[in-house]
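Here's the structure, in structure tokens; my notes come after.
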Amino acid sequence: MSVFVSREISENEISIKSAFGYSTDLVVRIIRSGENPRFSVLIAHIDGLVDKDLVARSIIRPIGMKDTATIEMPPSPAYIYDDLRNRLLESSEVKEATRMADVLLHISSGDCAVIVEGVDSALICSVRSWMTRTPENPTTEPAIKGPKEGFTETIRVNTSLLRRRIRDPRLWIEETVVGEVSKTDIAIVYLKGIANEKVLQEVRERIGRVKVDSLQESGQLEELIEDAPWSLFATVLTTERPDKVAGSLFEGRVAILVDGSPTALVVPATFLQFLMATEDYYQRFTASWFIRLVRGVAFLVALALPSVYVAITTYHQEMLPTPLVLSIAAQREGVPFPAAIEALTMIFFLEVLLEGGVRLPTAVGSAISIVGALILGQAAVEAGLFSAAMVIIVALTAIASFTIPLFSLSNTVRILRIVLTIVSGFLGLFGVAAVLFGLFIHLAAMRSFGIPYFEPLAPVVLPDLKDAITRAPWWAMKQRPELIAHDNVVRIGDDQKPTPPRSPQKPSPAGTVGQQRSSQQKQQKGNASNPDEQQSSSDQRPSSLGPATQKERQPRSRRKSRR
Amino acid sequence: MFIAGGCWDRREPESLVFPSILGIDVAEDELFEVIALIPNPSARAGGAAGITGGGAFAVPFWVNSGRGHTPFEALKQLALTTSRQINLSHVDVILISENLARRGIGPVLELYLRSPDIRLIAEVAVVEGDLRNLLESEIPLEPTPALGLLAMLEFTRQERSQIPRGDFLEKAKLMTFPGIDPVFVRFTVLKATATETFTDSGSAQGQSQSQVPKPVVKIHGAAAFDDDRMVGWFEDRESVGVNWLLGGISRTIVSVDSPRGGVITLELKQSGVKVTPVVSGNSISMEVKVGALARVQDAAAHGHSEHIVFDSEDPELVKSVTDRVAQAVRNDIELALKKARELEVDPFGFGNTIYRKKPQFWNEVVQGRWIEMFKTVEVNLEIEVFLRRPGLVMSSITPR
Chain U
1 MSVFVSREIS
11 ENEISIKSAF
21 GYSTDLVVRI
31 IRSGENPRFS
41 VLIAHIDGLV
51 DKDLVARSII
61 RPIGMKDTAT
71 IEMPPSPAYI
81 YDDLRNRLLE
91 SSEVKEATRM
101 ADVLLHISSG
111 DCAVIVEGVD
121 SALICSVRSW
131 MTRTPENPTT
141 EPAIKGPKEG
151 FTETIRVNTS
161 LLRRRIRDPR
171 LWIEETVVGE
181 VSKTDIAIVY
191 LKGIANEKVL
201 QEVRERIGRV
211 KVDSLQESGQ
221 LEELIEDAPW
231 SLFATVLTTE
241 RPDKVAGSLF
251 EGRVAILVDG
261 SPTALVVPAT
271 FLQFLMATED
281 YYQRFTASWF
291 IRLVRGVAFL
301 VALALPSVYV
311 AITTYHQEML
321 PTPLVLSIAA
331 QREGVPFPAA
341 IEALTMIFFL
351 EVLLEGGVRL
361 PTAVGSAISI
371 VGALILGQAA
381 VEAGLFSAAM
391 VIIVALTAIA
401 SFTIPLFSLS
411 NTVRILRIVL
421 TIVSGFLGLF
431 GVAAVLFGLF
441 IHLAAMRSFG
451 IPYFEPLAPV
461 VLPDLKDAIT
471 RAPWWAMKQR
481 PELIAHDNVV
491 RIGDDQKPTP
501 PRSPQKPSPA
511 GTVGQQRSSQ
521 QKQQKGNASN
531 PDEQQSSSDQ
541 RPSSLGPATQ
551 KERQPRSRRK
561 SRR
Chain E
1001 MFIAGGCWDR
1011 REPESLVFPS
1021 ILGIDVAEDE
1031 LFEVIALIPN
1041 PSARAGGAAG
1051 ITGGGAFAVP
1061 FWVNSGRGHT
1071 PFEALKQLAL
1081 TTSRQINLSH
1091 VDVILISENL
1101 ARRGIGPVLE
1111 LYLRSPDIRL
1121 IAEVAVVEGD
1131 LRNLLESEIP
1141 LEPTPALGLL
1151 AMLEFTRQER
1161 SQIPRGDFLE
1171 KAKLMTFPGI
1181 DPVFVRFTVL
1191 KATATETFTD
1201 SGSAQGQSQS
1211 QVPKPVVKIH
1221 GAAAFDDDRM
1231 VGWFEDRESV
1241 GVNWLLGGIS
1251 RTIVSVDSPR
1261 GGVITLELKQ
1271 SGVKVTPVVS
1281 GNSISMEVKV
1291 GALARVQDAA
1301 AHGHSEHIVF
1311 DSEDPELVKS
1321 VTDRVAQAVR
1331 NDIELALKKA
1341 RELEVDPFGF
1351 GNTIYRKKPQ
1361 FWNEVVQGRW
1371 IEMFKTVEVN
1381 LEIEVFLRRP
1391 GLVMSSITPR
């Protein structure tokens, strides 16, 4: 196989066919067209990756219609090549390639290669079209209130979903290819001017370092670029939601899309992000405030409840109210195992149930909950294998762990729960406290792409605490996370807290400051309930502010999601 | 294996017993006797007992005792006859027999203060009558006597303010203060029912059908202590009087005759007391101001009265009733004072007030002979009662 595209069309045909091992989905066709002289054109593409109608309509037909006889002087192959490239090929995107490897890459990516006899260069027409999923409701991160679309497996669809949310040229997309064999497209998406250049450089470097044969899912890439590969905690946020990614971009984060994976990676990630659901930003802040607290408590319950139960009942009975200790003692009467063994066995059963539920087809999946919950739980207590209190504790733990919005964190919690329970079995509350202490040290010591993982709690970043354990109202969250977008942090204009309009008789005292500004404010306040109108009102703002100040003052992300 | 190796001091709750009452007595042979009331966990939750198959043996609690030279030794002797490890962390009430109280409760205090198990919020009371009988009898409505006694202590305190406040720790602290003596709650075992014990529990159903349980124990004033020895009883009224001066009245009732005939019962609440020692030369007198709010709760006319027994819009009547209430309070306090002087104890803390407010006078004159002085010290009582609320009606209804 020659390295470059040959002038001999049959040689090229053999090169391509042999490179693909005469695979049946490879289509190579040689068209002879024109009169005096006749010229040959080779067309190669993969069946199933291209729009066949488009190939016929915009490539084959123009070539066939090329009538060399009408031209007075006999055209050279180079002339035909140029004519095809510049005029005839009705494809929106035509590239040139001289290296055979590039041609093969394009063919396997779904492009159509057009090679004119006598020219050592190939024309690459973009006619990609394949079966793809339409954006559906993201199954892993459903939301009651909020967009119902999720990423698909096609990177182009995914970038378009982001473009639809951020209509600004400052949404920059850098593409690279990772995977020696799979040659998977990777897109690094960020908002120019908000994303931290250092983080961006780090992302580029880490992706550049990756040397693998293939990349099937963003999870693989995550493991190859994360900060703490041995840690139980994920330092890269994963999401299926375009709104969440768009929101993250506005916070100055960088998103990494991987072709073939419906899951986007977002860096830098902080621990508290894993406890935040997208919906928190769409609910009214009062509800979000409460729900986040509930989720925080549920996280602790999911993490530590079995271990605390084991510790208290085996070592610290004096901490329980008398009726409770008697009732626990009564329930444990006849249970053959110590509380720690009992808890670990129950947790193991729970894990088996969970895993079984995931692996089974949905039709059978519901059966497992009946068998698991009703039959096993009930029967185990009645048979005296487990105490009823332990079943309650483990069930409560399981339910609490379902409140964790991100699967990666709930997996972490599942493992840590077992560690804590083992330790509490022989060290009591002292052991639980020691492990939690170590855990906090670990969390506070980690970094994700240069940003402290436990920010804004350690180190304390006061403005960021508005969106941490709970959430402040949108009009109060004036800043982007300070450490992440430290060059450009102002995100919300002044006086955004909506108020009822003042009575029209009285002149507004704000009128003295600047007529234009106060009128805009009034308009915004009046329209505060309608984000679309408000958006348009800020779009109509005179551009005399200049691009530099505009970036500062224009509340671009006011009503958009942050995550 | 790994876990089993690590948890040699593991104590599962089902291998422990949690006595809820410790009764401490002196036996005939001068040894301490500790009687522990141990609730039976499997009898508590009916469902759980059924599950574990232990439903047949459903005695709700067990009383076991041991004897020793100290209460702790007695406890350890008790352990010899108990199948499970004894954990004192859930002792709610410590009961002391009158016999032991009169000898001195020092040894009990030692146990209570030294033990890492016993909670410092445990209540303490002195029992008049057979301690063992009280522990072996059932208290109606409550699953265990401990909960019953605890509830009685708590609610009687609120409802009638007839017993002194404070847990064991507070009493122990009072013992170390100069010029004040502690008073303990007094339980009296009611003789009529003291013999009806739970021992014949063969058929629990038959028993509950045939017998209506009667009250077994009564909260009944206070036990006066001098240092750690009990010296006598304060009866109901006297104990209320003690509480008036200690500011421990949360709610109490007073019945007075109405000038218009019949009896009015008032509830007194939101009381306050202020004690000021007044020194003149080498003598001292106590100025005591007591204030309380009264609320008319009931009025009973004898026979078919044609009078309005109480009318809040009649200022003369209100004044007269108020004065009578104040007099009733004064009577209680004077009763208490008289008894305290007889017993030569100062539960009111007059001496302590002097010690705090007139330290110099205390050091020079009072120290060492306070009880002598207490017997003769002049106490000027000033009692103010405000009748603010006539209840939900302004006056009694008038039949026409």
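Chains as they are written, first to last, in our numbering: chain U, 1 to 563; chain E, 1001 to 1400. Beta carbons are placed, not taken as given, at the ideal position from N, Cα and C, and that holds for glycine. Here the structure is a predicted model, which is why all the values come from computation and not from measurement.
- By the neighbour-count definition (other C-beta atoms within 10 Å, threshold 16), residue 47 of chain U is an exposed residue.
- At least 9 Å separates the beta-carbon of residue 1018 of chain E from that of residue 1145 of chain E.
- Nearest neighbour of residue 254 of chain U by Cα position, chosen from U/441, U/261, U/237 and U/44, turns out to be U/237.
- In terms of Cβ geometry, residue 139 of chain U and residue 240 of chain U form a close pair [threshold 9 Å].
- In this structure, the straight-line span from the alpha carbon of residue 132 of chain U to that of residue 220 of chain U is close to 22 Å.
- Secondary structure note for residue 1265 of chain E: its beta strand (DSSP E) is the uninterrupted segment 1263-1280.
- Cβ-Cβ separation between residue 315 of chain U and residue 146 of chain U: approximately 45 Å, too far for a contact (criterion under 8 Å).
- Classified as exposed, residue 1375 of chain E has fewer than 16 neighbouring CB atoms from the shown chains inside 10 Å of its CB.
- Counting along the chain, no alpha helix (DSSP H) covers residue 230 of chain U, and no H or E run does either.
- Legend: CB atoms of the region 312-339 of chain U lying less than 8 Å from CB atoms of chain E belong to residues 313, 314, 315, 317, 318, 322, 323, 325, 326, 327, 328, 329, 330, 331, 332, 333, 334, 335, 338 and 339.
- Under the three-pair Cβ rule at 8 Å, the region 295-306 of chain U does not count as touching the region 486-494 of chain U.
- In the structure shown, residue 1389 of chain E adopts extended strand secondary structure according to DSSP, grouped into three states.
- Between residue 1277 of chain E and residue 1353 of chain E, the C-beta gap is smaller than 9 Å, which places the two residues in contact.
- With a cut-off of 8 Å on Cβ pairs, the region 271-282 of chain U is not in contact with the region 352-368 of chain U, counting fewer than three such pairs.
- Take residue 1235 of chain E, set aside five residues on each side of it, and the residues of its chain with a beta-carbon closer than 6 Å to its own are 1221, in chain order.
- Excluding sequence positions up to five before and after residue 183 of chain U, its CB lies within less than 8 Å of the CB of 105, 108, 109 and 177, all in the same chain and listed in chain order.
- For residue 1147 of chain E, the nearest beta carbon of chain U is closer than 9 Å to its own beta carbon.
- Within chain U, no C-beta atom comes less than 8 Å from the C-beta of residue 1257 of chain E; the nearest is roughly 46 Å away.
- Sequence-distant Cβ neighbours of residue 100 of chain U in its own chain, meaning closer than 7 Å and more than five residues away, are 1, 2, 3, 4, 5 and 15.
- Taking a contact as a CB-CB distance under 8 Å, the pair residue 217 of chain U and residue 261 of chain U counts as one, their CB atoms being some 5 Å apart.
- In the three-state DSSP reduction, residue 122 of chain U falls in the strand class (E or B).
- In the structure shown, residue 1032 of chain E adopts extended strand secondary structure according to DSSP, grouped into three states.
- With a 10 Å radius around the Cβ and a threshold of 16 neighbouring Cβ atoms, residue 295 of chain U comes out buried.
- In terms of CA proximity to residue 1334 of chain E, E/1382 leads the group E/1214, E/1382 and E/1295.
- The contact set of residue 1039 of chain E on chain U, defined by CB atoms closer than 7 Å, consists of 326 in chain order.
- Going by DSSP, residue 1186 of chain E is part of no alpha helix (DSSP H) but of the beta strand (DSSP E) stretching over 1183-1189.
- In the DSSP assignment, the residues bridged to residue 1381 of chain E are E/1288.
- With respect to chain U, the C-beta atom of residue 1083 of chain E has no partner C-beta closer than 9 Å.
- Taken in chain order, the complete alpha helix (DSSP H) segments of 4 or more residues contained in the region 224-305 of chain U are 242-250.
- In the DSSP annotation of this structure, the continuous segment of the alpha helix (DSSP H) that includes residue 208 of chain U starts and ends at 197-209.
- Looking at the DSSP output, residue 1283 of chain E shares a beta bridge with E/1280.
- At a C-beta separation below 9 Å, residue 1092 of chain E has these neighbours in chain U: 322.
- A buried status is given to residue 276 of chain U, since no fewer than 16 other beta-carbon atoms sit within 10 Å of its beta-carbon.
- Counting along the chain, no beta strand (DSSP E) covers residue 181 of chain U, and no H or E run does either.
- Ranked by how close their Cα comes to the Cα of residue 33 of chain U, the residues U/56, U/62 and U/57 have U/62 in first place.
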